[in-house]
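Asker: Those protein sequences? They're chains A and B, same order as listed.
To convert a position in the first sequence, counted from 1, into our numbering, add 217.
To convert a position in the second sequence, counted from 1, into our numbering, add 2.
I have a structure I would like to understand better, so I am pasting it below and will then ask my questions one at a time.
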Amino acid sequence: AQTVTQSQPEMSVQEAETVTLSCTYDTSESDYYLFWYKQPPSRQMILVIRQEAYKQQNATENRFSVNFQKAAKSFSLKISDSQLGDAAMYFCAYIENSGYALNFGKGTSLLVTP
Amino acid sequence: DTAVSQTPKYLVTQMGNDKSIKCEQNLGHDTMYWYKQDSKKFLKIMFSYNNKELIINETVPNRFSPKSPDKAHLNLHINSLELGDSAVYFCASSQTGSGNQPQHFGDGTRLSIL
Chain A
218 AQTVTQSQPE MSVQEAETVT LSCTYDTSES DYYLFWYKQP PSRQMILVIR QEAYKQQNAT
278 ENRFSVNFQK AAKSFSLKIS DSQLGDAAMY FCAYIENSGY ALNFGKGTSL LVTP
Chain B
3 DTAVSQTPKY LVTQMGNDKS IKCEQNLGHD TMYWYKQDSK KFLKIMFSYN NKELIINETV
63 PNRFSPKSPD KAHLNLHINS LELGDSAVYF CASSQTGSGN QPQHFGDGTR LSIL
């Protein structure tokens with residue numbers, strides 16, 4: 218079974234600074250997808266960014282970017298110019314191309330301080 | 003327009019009761035899911051349905067019975083509720099079950115068992 222590990226239960230960043238959230242995963246598959254979801258206190262699950270394993274180029278969405286290291290099975294999320302609204306739980310998730318179920322990490326709680 | 007809507011948002015009930023959570027998506031997606039988020043915020047797949055057919059049943063007690071009357075709906079019925087069923091239940095949908103299709107989540111239903 219695939220496992221997703223987020224080794225940082227909590228992180229803190231000052232407004233306008235940059236923070237990196239770590240994620241590693243274990244799989245024997247070569248074709249899969251990786252996601253970061255954000256869950257604010259409102260409980261919604263919001264897709265932040267996704268990465269296709271077959272693409273070497275790291276995905277970027279505005280202030281959010283990933284560092285995808287396929288050989289190392291690492292998928293970290295970098296948030297630049299952090300804003301108060303970025304405070305949330307962040308979940309890393311993995312799914313095979315054959316799909317049907319996201320496997321989530323245990324989450325990282327991000328605190329943003331003024 | 004809410005893409006994936008769940009009702010109710012909150013459900014408080016007593017042990018032993020039977021309850022249902024409804025989910026509807028207006029995205030025209032073929033695949034729908036139920037996830038459970040426990041008290042430690044861990045998210046785990048329960049069921050996946052594709053075109054009204056069950057694809058994944060992830061070792062969920064048979065007290066939980068999903069029903070998909072059509073592609074746009076996936077309801078969750080729970081019999082004989084137990085204290086351990088207290089959690090947030092998320093419905094999600096995607097265009098297909100393939101990993102390259104992002105999953106869109108509802109706002110969750112918080113189930114509290116007294």
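Heads up, the beta-carbon is just placed ideally off N, CA and C, and yes, glycines get one too.
Please classify A/Val236 as buried or exposed, where buried requires at least 16 other C-beta atoms within 10 Å of its C-beta.
Answerer: On the first sequence, residue 236 of chain A is found 19 positions in, with the first residue counted as 1. Label assigned to A/Val236: buried.
Asker: Could you tell me which chain A residues have their CB closer than 9 Å to the CB of B/Ser88, listed as they occur along the chain?
Answerer: Start at 1 with the first residue of the second sequence, and residue 88 of chain B comes out as number 86. Simply none; closest approach about 15 Å.
Asker: List the endpoints of the continuous beta strand (DSSP E) containing B/Pro71.
Answerer: Position 69 of the second sequence holds residue 71 of chain B. Run containing B/Pro71: 66-72, per the beta strand (DSSP E) assignment.
Asker: Is there at least one Cβ from chain A nearer than 8 Å to B/Gly30's Cβ?
Answerer: If you number the second sequence from 1, residue 30 of chain B lands on position 28. It does not; no Cβ of chain A falls within 8 Å.
Asker: In angstroms with no decimal places, state the Cα-to-Cα distance between B/Ile47 and B/Ile57.
Answerer: Walking along the second sequence from the start, residue 47 of chain B turns up at place 45. Walking along the second sequence from the start, residue 57 of chain B turns up at place 55. Straight-line Cα distance between these residues: approximately 12 Å.
Asker: Between the C-alpha atoms of B/Lys38 and A/Ala305, what's the straight-line distance to the nearest angstrom?
Answerer: Counting from one through the second sequence, the residue named residue 38 of chain B turns up at place 36. Counting from one through the first sequence, the residue named residue 305 of chain A turns up at place 88. Rounded to whole angstroms, B/Lys38 to A/Ala305 spans 19 Å at the Cα level.
Asker: Buried or exposed for B/Met17, please, with buried defined as at least 16 other CB atoms from any protein chain shown within 10 angstroms of its CB.
Answerer: As a first step, residue 17 of chain B must be located in the second sequence, where it is residue number 15. With fewer than 16 Cβ atoms within 10 Å of its Cβ, B/Met17 is classed as exposed.
Asker: Could you tell me whether the Cβ atoms of B/Ser22 and B/Tyr35 are closer together than 8 Å?
Answerer: Here residue 22 of chain B refers to the residue found at position 20 when the second sequence is read from its first residue. Here residue 35 of chain B refers to the residue found at position 33 when the second sequence is read from its first residue. Contact flag unset, no.
Asker: Mind listing the chain B neighbours of A/Ser364? Cutoff is C-beta to C-beta under 9 Å, in chain order.
Answerer: A query on residue 364 of chain A cannot be resolved here, the shown segment of chain A reaching from 218 to 331 and no further.
Asker: With a threshold of 6 Å on Cβ separation, who are the neighbours of A/Glu234 within its own chain once the five nearest residues in sequence on each side are excluded?
Answerer: Translated into positions along the first sequence, residue 234 of chain A becomes position 17. Cβ neighbours of A/Glu234 beyond the five flanking positions: Ser299.
Asker: Assuming A/Leu301 and A/Val329 are in contact, meaning their beta carbons sit under 8 Å apart, how far apart are those beta carbons, in whole angstroms?
Answerer: Here residue 301 of chain A corresponds to residue number 84 of the first sequence, with the count starting at 1. Here residue 329 of chain A corresponds to residue number 112 of the first sequence, with the count starting at 1. Indeed they touch by this definition, with Cβ atoms about 5 Å apart.
Asker: Is the Cβ of B/Lys43 closer than 8 Å to any Cβ of chain A?
Answerer: To locate residue 43 of chain B, count along the second sequence from 1; it is residue 41. With 8 Å as the cut-off, B/Lys43 counts as an interface residue toward chain A.
Asker: Does the Cβ-Cβ distance between B/Val14 and B/Leu116 come in under 8 Å?
Answerer: Stepping through the second sequence from its first residue, residue 14 of chain B is reached at position 12. Stepping through the second sequence from its first residue, residue 116 of chain B is reached at position 114. For B/Val14 and B/Leu116, yes; Cβs fall inside 8 Å.
Asker: Which residue's Cα is closest to the Cα of B/Val90: B/Pro71, B/Gly30, B/Leu45?
Answerer: Within the second sequence, the letter at position 88 stands for residue 90 of chain B. It is B/Leu45.
Asker: To the nearest angstrom, report how far apart A/Leu327 and B/Glu26 are at their CA atoms.
Answerer: By one-based count along the first sequence, residue 327 of chain A stands at place 110. By one-based count along the second sequence, residue 26 of chain B stands at place 24. So the two alpha carbons sit approximately 31 Å from each other.
Asker: How many angstroms separate the CA atom of A/Phe285 from the CA atom of A/Arg260?
Answerer: Mapped onto the first sequence, residue 285 of chain A falls at position 68. Mapped onto the first sequence, residue 260 of chain A falls at position 43. When rounded, the separation of the alpha-carbon atoms in A/Phe285 and A/Arg260 is 27 Å.
Asker: Can you list, in chain order, the residues of its chain with a C-beta nearer than 6 Å to that of A/Ser297? Leave out the 5 residues immediately preceding and following it.
Answerer: Here residue 297 of chain A refers to the residue found at position 80 when the first sequence is read from its first residue. Correct list, in chain order: Thr235, Arg280.
Asker: Based on the DSSP secondary-structure assignment, which residues constitute the bridge partners of A/Lys295?
Answerer: Sequence index remark: in the first sequence, residue 295 of chain A carries index 78 (1-based). Paired residue(s): A/Thr237, A/Ser282.
Asker: If you compare alpha carbons, which of A/Asp303, A/Gln225, A/Pro257 is closest to A/Glu232?
Answerer: In the first sequence, the residue the question calls residue 232 of chain A occupies position 15. When each option's Cα is compared against that of A/Glu232, the closest is A/Asp303.
Asker: Between B/Phe92 and chain A, is any beta-carbon pair separated by less than 8 Å?
Answerer: The sequence position of residue 92 of chain B within the second sequence is 90, counting from 1. Yes, its Cβ sits closer than 8 Å to a Cβ of chain A.
Asker: Where do the ends of the beta strand (DSSP E) carrying B/Val62 lie?
Answerer: Locating residue 62 of chain B in the second sequence gives position 60, counting from the first residue. That residue, B/Val62, is in no beta strand (DSSP E); it is neither H nor E in DSSP.
Asker: Which residue from B/Gly110, B/His79, B/Thr61, B/Asn102 puts its Cα closest to that of A/Gln268?
Answerer: The count along the first sequence starts at 1 and reaches residue 268 of chain A at position 51. Minimum Cα distance to A/Gln268 is reached at B/Asn102.
Asker: Looking at the structure shown, is A/Asp243 part of a helix, part of a strand, or coil, going by DSSP?
Answerer: Start at 1 with the first residue of the first sequence, and residue 243 of chain A comes out as number 26. Three-state result, A/Asp243: strand.
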